[in-house]
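As structure tokens, the structure follows; a few thoughts come after it.
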Amino acid sequence: MVVRHLLVDAIHECAKRFPEVAESVVGILMELLSSSDRTSLQVATFVRAIIQEHPPLRKTLIPKLLNSLGDISSPPVMCVTLWVLGEYTTSEDAQDTFDEIVNEVGPTPFVVAEEKTEEGAEGNDTPKIVTKNVVLADGTYATQTSYTQAKTTEDADKTPKLRKMIVVHGDVFVAETLASSLTKLVMQFPVVDKPRTAKTVLIICAICKLAESGSTVSMAQRSSASDCQDRCTLCCRILLDLKTRELLKPILMEDGKKQLANYLAKIAEEQRSEEHTSELQSRQYLVCRLL
């Protein structure tokens, strides 16, 4: 895992210094988005930085990121992916991206209790002990005991991972990121699309109901439930009130990119400062050795 982490760091640095190879490198790294270790989050933030810093690559990287959506199993990686899709999808591709995300979400409302019960029932398939008499090679009888594993329904479970994160595990952070992303995509539509707008409002209402249920997985998420409801309320106002949409659209569609650009610039400045400090220390060391 450590080697993989260092490898991703090295590839990231190479992609920043040689942008012409960034597209092929990122395409390979996207295969790691489905892993469950911290490397997947590292790759997701790397892809986000490349998409922000190299606009010409967005046309090819955004579809690849969308195709990886169904394989992502880490909630933080899912949050980053949804945010990128909401921020950088063009108006020409907004409807297709919207449909793909909604397909991963599934139908509404989100019935948490029933789906958790079904998941729990699947986990009750425990190994069984089977005892039988067998005839050995010398003609004698013996008793043989073995364990048989009941067939699991995990492979047959076709529930998308995004829906599991929200409905089964009650992840508020993923849910509110989804609400924001879908709202941004609807605002990107070239013309008003009432069916997709209504679908977005239904999903947001289901998310609010989920936050009210208190079924989240951690105390931090429970304390963020009210923030989730506030964000969902704002998204609904943007979708349903034309004046609010026109007022907040520049903020919602541009401020996220500006904040990310400022963050990346600050990180780059800190790295340059560290490299300069390291170089000065090396020179001082050489001078001391010569003296």
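Residue numbers for the sequence shown follow the working numbering, so the first one is 477 and each next one is one higher.
Yeah, the Cβ is synthetic: ideal placement off N, Cα and C, and Gly gets one too.
Length of the line joining the Cα atoms of residue i and residue j
i, j, result
"residue 687", "residue 716", "21 Å"
"residue 665", "residue 750", "44 Å"
"residue 520", "residue 638", "16 Å"
"residue 529", "residue 643", "34 Å"
"residue 561", "residue 573", "8 Å"
"residue 509", "residue 648", "21 Å"
"residue 514", "residue 677", "33 Å"
"residue 551", "residue 732", "20 Å"
"residue 586", "residue 579", "14 Å"
"residue 738", "residue 522", "16 Å"
"residue 481", "residue 719", "47 Å"
"residue 571", "residue 491", "31 Å"
"residue 576", "residue 487", "30 Å"
"residue 740", "residue 689", "37 Å"
"residue 635", "residue 540", "21 Å"
"residue 701", "residue 656", "15 Å"
"residue 651", "residue 753", "43 Å"
"residue 744", "residue 493", "12 Å"
"residue 583", "residue 675", "10 Å"
"residue 681", "residue 704", "11 Å"
"residue 748", "residue 685", "47 Å"
"residue 734", "residue 746", "18 Å"
"residue 483", "residue 544", "21 Å"
"residue 496", "residue 645", "41 Å"
"residue 558", "residue 742", "24 Å"
"residue 641", "residue 736", "25 Å"
Cβ distance (whole Å) where residue i is taken to contact residue j below 8 Å
i, j, result
"residue 581", "residue 504", "No, residue 581 and residue 504 are not in contact; Cβ-Cβ is about 28 Å, not under 8 Å."
"residue 548", "residue 537", "Actually they are not in contact, since the Cβ atoms of residue 548 and residue 537 sit about 15 Å apart, beyond 8 Å."
"residue 524", "residue 556", "6 Å"
"residue 533", "residue 499", "5 Å"
Among the options, the one whose alpha carbon lies nearest that of residue i
i, options, result
"residue 485", "517, 661 and 551", "517"
"residue 707", "736, 658, 744 and 734", "658"
"residue 653", "579, 723 and 711", "711"
"residue 722", "704, 733, 660 and 739", "660"
"residue 546", "524, 506 and 568", "506"
"residue 542", "529, 532, 563 and 530", "563"
"residue 511", "576, 646 and 554", "554"
"residue 683", "663, 709 and 662", "709"
"residue 568", "535, 583 and 635", "535"
"residue 714", "651, 663 and 745", "663"
"residue 565", "584, 531 and 500", "531"
Where residue i sits in the DSSP three-state scheme
i, result
"residue 530", "coil"
"residue 634", "coil"
"residue 548", "coil"
"residue 567", "coil"
"residue 702", "helix"
"residue 732", "helix"
"residue 667", "coil"
"residue 512", "coil"
"residue 574", "helix"
"residue 645", "coil"
"residue 717", "coil"
"residue 522", "helix"
"residue 584", "coil"
"residue 592", "Note on residue 592: pLDDT 47, under 50, position unreliable in the model; the coordinate value appears next. In the structure shown, residue 592 sits in a helix (DSSP, three-state: H, G or I)."
Any non-hydrogen atom of the ligand GDP within 7 Å of residue i CB
i, result
"residue 512", "Looking at this structure, you won't find the ligand GDP or any other ligand, since it has none at all."
Evaluate contact between the segment 666-684 and the segment 727-745, counting only Cβ atoms and requiring at least three cross-stretch pairs below 8 Å. no
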